[in-house]
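> What follows is a structure written as structure tokens; I'll ask about it next.
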Amino acid sequence: GVPNVSTDMGVQEQRGHDKATHTCAPPDAVVWPQSVGQVQELAALCYRCRVPMVPFGTGTGLEGGVNAVQGGVCFDLSRMDAIAELSLEDFSVAVEPGVTRKALNSHLRGTGLWFPVGTVGAGALGSRRGWGC
1 GVPNVSTDMG VQEQRGHDKA THTCAPPDAV VWPQSVGQVQ ELAALCYRCR VPMVPFGTGT
61 GLEGGVNAVQ GGVCFDLSRM DAIAELSLED FSVAVEPGVT RKALNSHLRG TGLWFPVGTV
121 GAGALGSRRG WGC
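Numbering of the sequence shown is given in the UniProt record's numbering, commencing with residue 1 and proceeding in unit increments.
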């Protein structure tokens with residue numbers, strides 16, 4: 001619905017670049033899924049219609065990975081920000097892709113643990129998954 005979809009040019013341009021020096025390449029639309037099921041449904045629809053999908057966390061990347069060079073739909077994952085599970089015994093935590101390092105460390109406060117990785121401000125942790133972090 002309307003609060004979860006935008007074709008506003010300002011919203012598109014904000015998500016068409018990150019901290020890299022690449023020229024802005026905005027998506028055709030921005031959606032804010034709020035569950036894994038919604039991401040799956042949107043991805044299936046984009047796949048069927050051959051529409052590019054571009055994930056977006058906080059826009060703090062340095063590689064231009066959020067640039068929608070072929071248009072498409074930006075999946076802004078910032079609203080998927082739940083910290084689902086924490087295991088102090090094995091030092092693991094399950095987070096949704098919109099959880100930031102700052103939010104995770106706030107959640108961990110008082111446990112003796114922290115997540116120190118963070119070369120780019122308070123970026124979303126979901127973007128670090130591909131790096132094996």
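All C-beta atoms, glycine included, are put in the ideal place defined by N, C-alpha and C.
This one's a predicted model, so the numbers in the text were calculated from it and none came from an experiment.
Who are the Cβ neighbours of Val11 in its own chain at under 8 Å, not counting the five residues just before and after it?
Here the set comprises Val30.
> DSSP three-state call for Cys74: helix, strand or coil?
Strand.
> In chain order, what residues of the same chain have a beta carbon less than 6 Å from the beta carbon of Ala84, not counting five sequence neighbours either side?
Counting only Cβ-Cβ distances below 6 Å, and skipping sequence neighbours, we find Ala94.
> Going by alpha carbons, who is nearest to Ala20 out of Val117, His107, Glu96, Gly65?
It is Gly65 whose Cα lies nearest to the Cα of Ala20.
> By how many angstroms is the C-alpha of Gly72 removed from the C-alpha of Arg15?
Between Arg15 and Gly72, the C-alpha separation is close to 12 Å.
> From the DSSP output, read off the bridge partner residues of Glu85.
Paired residue(s): Ala94.
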